[in-house]
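Undergrad:
Protein chains: 4
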Amino acid sequence: MSKDSNKPHAMQPEDTPELRALYRGFEENHLNPLWTQTANLMPPHPKPEAVAHIWEWEKLYELAKRSGDLVPVGRGGERRAIGLANPGLGGRAYISPTLWAAVQYLGPRENAPEHRHAQNAFRFVLEGEGVWTVVDGDPIHMSRGDLLLTPGWQFHGHQNISDKPMAWLDGLDIPFSQQMDVGFFEFGADQVSNLETPESSRGERLWAHPGLRPLSGLDDTVSSPIGAYRWANTDRALREQLALEDEGFSATVSPGHAALRFTNPTTGGDVMPTIRCQFHRLRAGAKTLPRRDVGSSVFQVFDGAGSVVFNGQRHNINVGDIFVVPSWIEWTVATDLGVDLFHFSDAPIMEKLNFYR
Amino acid sequence: MSKDSNKPHAMQPEDTPELRALYRGFEENHLNPLWTQTANLMPPHPKPEAVAHIWEWEKLYELAKRSGDLVPVGRGGERRAIGLANPGLGGRAYISPTLWAAVQYLGPRENAPEHRHAQNAFRFVLEGEGVWTVVDGDPIHMSRGDLLLTPGWQFHGHQNISDKPMAWLDGLDIPFSQQMDVGFFEFGADQVSNLETPESSRGERLWAHPGLRPLSGLDDTVSSPIGAYRWANTDRALREQLALEDEGFSATVSPGHAALRFTNPTTGGDVMPTIRCQFHRLRAGAKTLPRRDVGSSVFQVFDGAGSVVFNGQRHNINVGDIFVVPSWIEWTVATDLGVDLFHFSDAPIMEKLNFYR
Amino acid sequence: MSKDSNKPHAMQPEDTPELRALYRGFEENHLNPLWTQTANLMPPHPKPEAVAHIWEWEKLYELAKRSGDLVPVGRGGERRAIGLANPGLGGRAYISPTLWAAVQYLGPRENAPEHRHAQNAFRFVLEGEGVWTVVDGDPIHMSRGDLLLTPGWQFHGHQNISDKPMAWLDGLDIPFSQQMDVGFFEFGADQVSNLETPESSRGERLWAHPGLRPLSGLDDTVSSPIGAYRWANTDRALREQLALEDEGFSATVSPGHAALRFTNPTTGGDVMPTIRCQFHRLRAGAKTLPRRDVGSSVFQVFDGAGSVVFNGQRHNINVGDIFVVPSWIEWTVATDLGVDLFHFSDAPIMEKLNFYR
Amino acid sequence: MSKDSNKPHAMQPEDTPELRALYRGFEENHLNPLWTQTANLMPPHPKPEAVAHIWEWEKLYELAKRSGDLVPVGRGGERRAIGLANPGLGGRAYISPTLWAAVQYLGPRENAPEHRHAQNAFRFVLEGEGVWTVVDGDPIHMSRGDLLLTPGWQFHGHQNISDKPMAWLDGLDIPFSQQMDVGFFEFGADQVSNLETPESSRGERLWAHPGLRPLSGLDDTVSSPIGAYRWANTDRALREQLALEDEGFSATVSPGHAALRFTNPTTGGDVMPTIRCQFHRLRAGAKTLPRRDVGSSVFQVFDGAGSVVFNGQRHNINVGDIFVVPSWIEWTVATDLGVDLFHFSDAPIMEKLNFYR
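Residue numbers (my numbering), protein chains in the order written: chain A, 446 to 802; chain B, 446 to 802; chain C, 446 to 802; chain D, 446 to 802.
#1: Among D:F630, D:R802, D:P610, which residue has its Cα nearest to the Cα of D:R737?
#2: The alpha helix (DSSP H) with B:S622 in it runs from where to where?
#3: What are the complete alpha helix (DSSP H) segments, minimum 4 residues, inside the stretch 648-715 of chain A?
#4: Roughly how many angstroms separate the alpha carbons of B:P453 and B:E459, rounded to a whole number?
#5: Measuring from the CB of B:D785, is there a heavy atom of the ligand COA at a distance below 6 angstroms?
#6: In chain order, what residues of the same chain have a beta carbon less than 8 angstroms from the beta carbon of C:T719, not counting five sequence neighbours either side?
#7: May I ask which residues mark the beginning and end of the beta strand (DSSP E) holding C:P478?
#8: Run the CB neighbour count on B:R469, radius 10 Å, all protein chains shown included, and call it buried at 16 or more, exposed below.
#9: Does C:L640 pass the burial test, meaning 16 or more other C-beta atoms within 10 Å, or should it be called exposed?
#10: If you follow the beta strand (DSSP E) that C:P558 is in, where does it begin and where does it stop?
#11: According to DSSP, which residues form a beta bridge with B:V518?
#12: Would D:M456 and C:G519 qualify as a contact pair, given that the criterion is a beta-carbon distance under 7 angstroms?
#13: With burial defined as no fewer than 16 other Cβ atoms inside 10 Å of the residue's Cβ, what is the status of A:T642: buried or exposed?
#14: Which of the three DSSP states is assigned to D:I499 in this structure?
#15: Please classify C:N485: does DSSP put it in a helix, a strand, or coil?
#16: Return the chain-ordered ranges of every beta strand (DSSP E) run that is complete within the stretch 759-791 of chain C and spans a minimum of 3 residues.
#17: What residues in the stretch 678-699 of chain A bring their beta carbon closer than 7 angstroms to a beta carbon of chain E?
#18: Of all the CB atoms in chain C, is at least one closer than 7 angstroms to the CB of D:L508?
#19: If the cut is a Cβ gap below 9 angstroms, which residues of chain B does A:T483 touch?
#20: With 7 angstroms as the threshold, decide whether the Cβ of D:H654 is near any Cβ in chain C.
#21: Kindly list, in the order they appear in chain C, the residues whose Cβ is closer than 7 angstroms to that of D:T543.
#22: For B:H788, is the classification buried or exposed, using 16 other Cβ atoms within 10 angstroms of its Cβ as the cut-off for buried?
#23: Give me the chain D residues within the contact set of C:L594, using Cβ-Cβ distance strictly less than 7 angstroms, ordered along the chain.
#24: For the stretch 573-605 of chain B, which residues have a beta carbon sitting closer than 8 angstroms to at least one beta carbon of chain A?
#25: Measuring only the C-alpha atoms, how far is C:L786 from A:T777?
#26: For a contact meaning CB atoms closer than 7 angstroms, what does A:S661 contact in chain D?
#27: So for A:S512, helix, strand or coil by DSSP?
#28: Rounded to a whole number of angstroms, what is the C-alpha to C-alpha distance between D:R524 and D:L505?
#29: At the level of alpha carbons, what is the spacing between B:G713 and C:P710?
#30: Taking only three categories from DSSP, how would you classify B:Y550?
#31: What residues in its chain sit with their C-beta under 6 angstroms from that of D:D449, if we drop five residues either side in the sequence?
#32: According to DSSP, is D:P458 helix, strand or coil?
#33: Quick one: is A:L705 near chain D, going by C-beta distance under 7 angstroms?
#34: Drop a sphere of 10 angstroms on the beta-carbon of C:Q723, count the other beta-carbons inside from all chains shown, and report buried for 16 or more, exposed for fewer.
#35: Hey, how far is the Cα of D:V764 from the Cα of D:Q745?
#36: Short of 6 angstroms in beta carbon distance, which residues of its chain neighbour A:G552, apart from the five on each side in sequence? Order them along the chain.
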């Protein structure tokens, strides 16, 4: 339709006083005819307003640090988090129609108060040490490469016990929940409720053993009971895939492209009901197969460097850079020296509602 | 937060040149700080922009009829469908953030061309006869009280073989698919592809037998293979519920309130992945228990009359009237003489993504 | 192994005093070496002790009638049911290793007391009228062609209110439950607990509407809540399949072979956790495709006549005849004038445990 | 019924010539009346012929070793495996009606040929080193405390590369498959197909990372893709449960009783369709809550010592001892100094077929 169609628009009647009266009647009665808007409402394929875009880490981090100097963290604003606003979405802090991505910054000895919300959240740590996120009373240490979960309706706060600031990536389903009217929110303790700083969280100690399920936890859970996916495990799993490929076995997604999905051990499914988290490693000289999906994806370069192509244009990407790929946009990543990419998306929404292709 | 909170907004720093520079930096780099917008992004409970609203059938039908006189149906505009635009949603033809509801009008001997789309659709018939909707080549007769399905990506068109116009309710997930960028669309035949006018569709003949599944159809389907849910069956099921209640057995939802869900016989689940269809019958003097849900519902009075209360205000409802109840708005329907209500909602979305409460 | 193998049995050591001492040690300690029994324990494919066999209705009915004269029905023996004992299974009333099939006979005005058991049961009615089976207090009328369910742990009894005897087919999973030690049993009322004789049971009135689910019944059930699958529906569904085939549409399993599965409307799956019930109709001149399955099947000719081939031998089958097909035996049914076959099997066991091929 | 019932056996008619003729008629026609056998067929609760029994490791091992001297391993007998024959089951090598348990013994430098079967199998290693089991070409090192899987229809053989013999526990569903006629069997290579002896199998390298799923393995599998569950992980998970209990958190099944289930990471469910594998650790002074289940369980003491009570009798258990608990027999384990128990059962069968209570 529209540009994609040469069909005559048969339903555009002549402009007459009667037609104007009819259209006025529509307006007065909160009605809106399909025939004046079909092409926008029902495009031949997804035509997102959101655009593919890259945020450079250097600039992100610089602004986050400046915020640390100028803006105190605390109740009301809740978090010193700076949302990435997709240039196509009119200034709202939506990186895509479904996803929120932000850089959160916590200064030395700072403390972000506890709250909970129906929205699902995670943190992914590019660098730094010394922060514990406390999720439903369980203190979870945050280190480079770790993925930390805060599934919907679990109380959480953060504390920095070190003398250095720390910054990380926050991912949530805020745009989805805001547009679909599903959000709930509650304040919790003004300070994190548990000041202990153990190396391992209780969730990990109970659940992060490969293929082993505690008999005290036989009921499946909607979100993963593993609060922290540690970098050492992620890195080892990726290394093994590439080593198996070297030995001639099928283990990677495509040549030189190792990849894994973070999953809920009670079901084997995604870590949270709306957000998929994955990790990709490309060996030197490799590139991903071009693909496009219904739904949107966000990537952060964790290590190495390379380039991403969307809409036929190549862009360099370096450590910390974050980029978004909206629905049905084709993308490819390539690298000369190797690159590690953290990846999250709204694929669980698309798959469960059968819009995935 | 905001009105719901008396907490100080700790994160509103003093307005200084440095802060202004920071905010300018945010803007230039497509960033948006959380602390300036938390209350809107994360309300204590869903605060929909959509409002509860009633459209009177008399006016709807009058305007649909006028459209029949003035606007030819055909390729491009595709359908003579008049969308109900929620007064809170800025004039877009969204009855809620997820759902589309429209009155479609087909004049004597008219024909609506075939197309298909990823969006899921149904028709519910308030009155009239003589139209066949053809879904993937299967002609489906439309009569008063029938629910007809057009699940995503099935070709469909309509033809009116009578000398009278016919109008019905169309329901789709267009707002969801448009906002979430999941829509696909394709033109089909300019005329419906099958001009036969059987009383029963092939889908019904194969599938609409209680608890009986053809051995040629053992694979579960995403949407119901029953293309038409006939009024005679719906009516009988509701009558039996009330009769069982009269005989002292548990069969209704609450006293005097019979209700059923239209389901996919291959799974027992909803008829389509995003839309739930139900039917309610209140006997004379009954009323529904007050309830509020995450997600939005649309109702059409099929028979009888009564009143609906939302936000503490009572409104009369009569045959054909359509009303919408947005997320987390409490509603109750009561009736003196009995009322039949068709009901559709986005509950499958909310349940599958675990936002339902 | 065994006949299928020419391999030397390498593990048959010489008979020495030491070996005898070893084997004696095994025996004394309740041990049994694999190497003396592999071929039987692990055959190349299922080699059932059960054999394919046909029971003629004429003889079955005659003996059932004689039992009616000689054996009173009542507490302790519980049912005047005559089990079909597979000739290969040593005289036990097992028609196969998993299934029980019996002809039950209830004289004029007789009453079979209530009990319940973990075993799943159904009745299928070849002929007769006047008996009500009462399942958890719900009286269910039994008529020719009806399938009546008594899922595990539901109280049930029968009463004959007519002046004529009635006989029907009982199917249960007794052999499975006895061999696998899963059975529980409890006595109930000595007379059926509800003496009403309605035409329709409450289960049907609430549930037997195509694709319509009561909102009072949204929790899935392990077994079907439809207590009675009526012949009129079964017959109509089969007729429609053949009519659709005549019109050129895909509806049958193979040419001239209509077939359906009785299902649980809450899931679309089998009516009970261990037993599958199906119905086949072959039009005049048709035959089924040869097939063999892991697991056993029992068939009763409901109408018409034909022949069945197993192990390369053809046998005539007439109304009422019952035959069993054990695991991995190939079978084909053919008919000159048309035949209707009721069919039950243990396929749910095989599928759920992944032994199905 | 029977002892549990005082009800008169109303259906035992007087012994007359007519009755004898009737019973003769039954016999000639392969029929068997229910009323002569109800109590056995349908007991008030499971009354297994299998009995609870303990096999002492010392004797088991001694006999296994003797077999190593006297019986060569090879094609035909296939395995030097000595089945534990439940004393109640008539000498067949069934430890219960569903399960097979055997001690398998492989001498220095011996090799057990490859084969595959529909039956599901695992090995659990009490002691020893130097054997690799090769499953579908993947060599899997076997060490003390490891659980190794051989799911149905995967080729497998074993080789001992050391100069010492090795013995371990084999568990299969042979009795179920034999009685239910579901078994298939095929010979493979006479020598194991892969002579490499890596420390980690390919299945582990791809799959044994907590909560991490390879993108090359997104299809769920019926059985676990982790071929080896290593003792170091099992031990750590159990230690953490007890440590969490010490710290005051809910992590154990009951006080002092840590326990875990081995699971399929693609689903969170059991490792194989018919067999559940679990591990229990009781701290010094602890005991399990008494329980009884529908279905049978087999335990092997892995470490420590204690006692088990069944049928009101206490029995000492020491390292290596194996005991079986048939259906509906109550059992409790207690320990003064602590005990580790490997445990397998047929619970997946009972749960999937809804016989579990």
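For every residue, glycine included, the Cβ atom is placed at its ideal position computed from N, Cα and C. Remember, predicted model here, so these are calculated numbers, not experimental data.
TA: Let me spell this out:
#1: D:R802
#2: 619-625
#3: 676-691
#4: Any reading at B:P453 needs caution, since the residue's pLDDT is 47, under 50, leaving its predicted position unreliable; the model's value is listed next. When rounded, the distance between both Cα atoms is 14 angstroms.
#5: The ligand COA is not among the ligands present in this structure, which contains no ligands whatsoever.
#6: T543, N565, D618, F621, D791, P793, I794
#7: 476-478
#8: Around the beta carbon of B:R469, fewer than 16 other beta carbons sit within 10 angstroms, so the residue counts as exposed.
#9: exposed
#10: 556-562
#11: Answer by DSSP bridge pairing: none, since B:V518 is not bridged.
#12: yes
#13: exposed
#14: strand
#15: In the three-state reduction of the DSSP assignment, C:N485 falls in the helix class, which pools H, G and I.
#16: 767-770, 776-779, 784-790
#17: The question asks about chain E, but that chain is absent: this structure's protein chains are A, B, C and D.
#18: Put simply, the CB of D:L508 is near chain C, with a gap under 7 angstroms to one of its CB atoms.
#19: G521, G522, E523, R524, F630
#20: Using a CB distance cut-off of 7 angstroms, D:H654 does not count as an interface residue toward chain C.
#21: Contact annotation for D:T543 against chain C: M625 [CB-CB distance below 7 angstroms, chain order].
#22: buried
#23: Here the premise fails: no neighbours, minimum Cβ distance about 14 angstroms.
#24: G597
#25: 58 angstroms
#26: S695, A696, T697, V698
#27: helix
#28: 16 angstroms
#29: Roughly 6 angstroms between the two C-alpha positions.
#30: strand
#31: A caution first: D:D449 carries a pLDDT of 40, below 50, which makes its placement in the model too unreliable to give a value.
#32: coil
#33: Cβ-Cβ to chain D under 7 angstroms: yes for A:L705.
#34: buried
#35: 8 angstroms
#36: G513, P610
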